[in-house]
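For reference, the structure is listed below as structure tokens.
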Amino acid sequence: MIFTSITPEAFDHKNIPNDIHEMNDHIKNLLVNAPPSHEIPFEVLQDIRRQGGGLLAFQPYSDRAENRQVGDGDQKVTIRIFNHDSPDFIYMHIHGGGHCIGAADMQDQSLEKVSNELNCVVVSVEYRLAPTNPYPAAPDDCETAATWLIENSKKEFNTEKIIIGGESAGANLSAVTLLRLKSKGLLYTIKGANLIYGSYDARLTPSAIRQEGSDEIFLLSYAMIRKFRDSYFQGDVDKSLPDVSPIQGDLSGMPPALFTVGTRDLLLDDSLFMFGRWLSYGSNAEIIIVPGADHAFNAFPSETTTLVENKINEFLQSVL
13 MIFTSITPEA FDHKNIPNDI HEMNDHIKNL LVNAPPSHEI PFEVLQDIRR
63 QGGGLLAFQP YSDRAENRQV GDGDQKVTIR IFNHDSPDFI YMHIHGGGHC
113 IGAADMQDQS LEKVSNELNC VVVSVEYRLA PTNPYPAAPD DCETAATWLI
163 ENSKKEFNTE KIIIGGESAG ANLSAVTLLR LKSKGLLYTI KGANLIYGSY
213 DARLTPSAIR QEGSDEIFLL SYAMIRKFRD SYFQGDVDKS LPDVSPIQGD
263 LSGMPPALFT VGTRDLLLDD SLFMFGRWLS YGSNAEIIIV PGADHAFNAF
313 PSETTTLVEN KINEFLQSVL
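Residues in the sequence shown are numbered from 13 upward in steps of one, following the working numbering.
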């Protein structure tokens, strides 16, 4: 069971699907005897994921994917392209990982599936990672990739329709990129935004802060959120800036957006609040709320995950 509005029933434990209960038990069993993720160096976490370890299943590289560098001068950015003959649109994907781990080639099978099912070109951005490359390196790279797509989509892929989206930090970077494109008058080809359990307020929202010091096991803990944030925003960064916390931005004129989040996710309030702000500025928005689901729940196969994927696909097709 999932909900498409903010209603008390979405937060009632009685409405948590059985497969989500089983998923949460599975996640807890995997984490209970493991060292806390915030105590593991980022490079080690990245290596574990590359080797197929950790919570998220390893996805083999796709034969269809090809890397390409775009941009000018020192602003060259690598993008990973899943091409498609006569596509209906381009899906610009920005991966998650707290701005500190992850890569454009770590979800090849998922992105190839999106390309096949939605008849689209998928372009995943290989943005620079913190702490080696802190803010604003990542949004600079995403802006470079988005600008190149807008300027070259017709010539390269025979379509000018673009949808932007991502998960977690990728959703944050998607929102920041949209605000940057708006400031340059470049939103005209962006048809929608697919924002999955994103972080939109660097000052942190109540659903995250209230878990400080909690012994409860979450896939994304409060300590890990803090580590990601402090590694990405180094030095004297004003966390109230829209480029840092996109919830503070002027969201008028934004493309239709779909927000997806589980009620057990510490970033729950980020999506609830950002959904409300999107609407309050007169921009169209929809929401999917999954009772009991933790962060990154859609990385685990289940009936509910499939239901959510189908709803997301419906939205992506509807905005075209």
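Here a beta-carbon is modelled for each residue, glycine too, at the ideal position from N, C-alpha and C.
Values in this document were obtained by computation on a predicted structure and should not be read as measured data.
Closest to residue i by C-alpha separation, out of the options, would be which residue?
i      : options                           : result
Pro151 : Leu193, Phe312, Thr275 and Asp120 : Leu193
Val308 : Gly109, Phe54, Ala22 and Arg80    : In the sequence under discussion, the amino acid at residue 308 is Ala, which differs from the Val named in the question. The shortest C-alpha separation from Ala308 is found at Gly109.
Asp153 : Glu163, Glu138, Ala142 and Asp117 : Glu138
Phe327 : Ala69, Glu298, Glu124 and Asp262  : Glu298
Leu270 : Ala235, Ile208, Tyr293 and Leu141 : Ile208
Ser252 : Ile229, Leu67 and Val188          : Val188
Glu78  : Arg62, Phe54, Asp120 and Glu228   : Asp120
Tyr195 : Phe169, Leu263 and Ile237         : Reading the sequence as shown, one finds Ser at residue 195 and not Tyr. Checking every option, the nearest Cα to that of Ser195 belongs to Leu263.
Lys239 : Pro29, Ile91 and Ala142           : Ala142
Ala205 : Asp213, Leu185 and Ala22          : Leu185
Leu291 : Pro268, Ile14, Glu163 and Thr317  : Pro268
When you compare only the Cα positions, how much space is there between residue i and residue j?
i      : j      : result
Gly114 : His50  : 15 Å
Ala220 : Ile39  : 19 Å
Ala157 : Lys26  : 44 Å
Thr217 : Val249 : 18 Å
Pro313 : Val320 : 11 Å
Leu57  : Ala183 : 21 Å
Leu278 : Cys112 : 18 Å
Gln329 : Arg215 : 34 Å
Ile324 : Ser283 : 15 Å
Leu190 : Gly65  : 34 Å
Lys88  : Phe285 : 34 Å
Phe287 : Ile202 : 18 Å
Glu55  : Gly265 : 39 Å
Asn36  : Val44  : 12 Å
Thr171 : Pro148 : 30 Å
Leu161 : Pro146 : 24 Å
Per DSSP, what are the beta-bridge partners of residue i in this structure?
i      : result
Thr19  : For Thr19, which the question treats as bridged, DSSP gives no partner whatsoever.
Gly177 : His105 and Asn206
Ala77  : Phe94
Gly274 : Val302
Glu138 : Thr90
Val82  : Val89
Ala269 : Ala205 and Ala297
Cys132 : Phe101
Answer with buried or exposed for residue i, where buried requires no fewer than 16 other C-beta atoms within 10 angstroms of its C-beta.
i      : result
Leu42  : exposed
Gln246 : exposed
Thr19  : exposed
Ser136 : buried
Tyr244 : buried
Val126 : buried
Arg241 : buried
Gly210 : buried
Gln371 : Nothing about residue 371 can be reported from this structure: the residues present for the chain run from 13 to 332 only.
Tyr234 : buried
Met118 : buried
Glu400 : Absent from the model: residue 400. The displayed extent of the chain is 13 to 332, so no value can be given.
Flag this pair as touching only if the segment 266-285 and the segment 303-323 have three or more C-beta atom pairs under 8 Å; answer yes or no.
yes
Would you call the segment 60-74 and the segment 171-178 touching, i.e. three or more CB-CB distances under 8 Å?
no
Measuring CB atoms only, is the segment 221-230 touching the segment 91-111, in the sense that at least three cross pairs come out at less than 8 Å?
no
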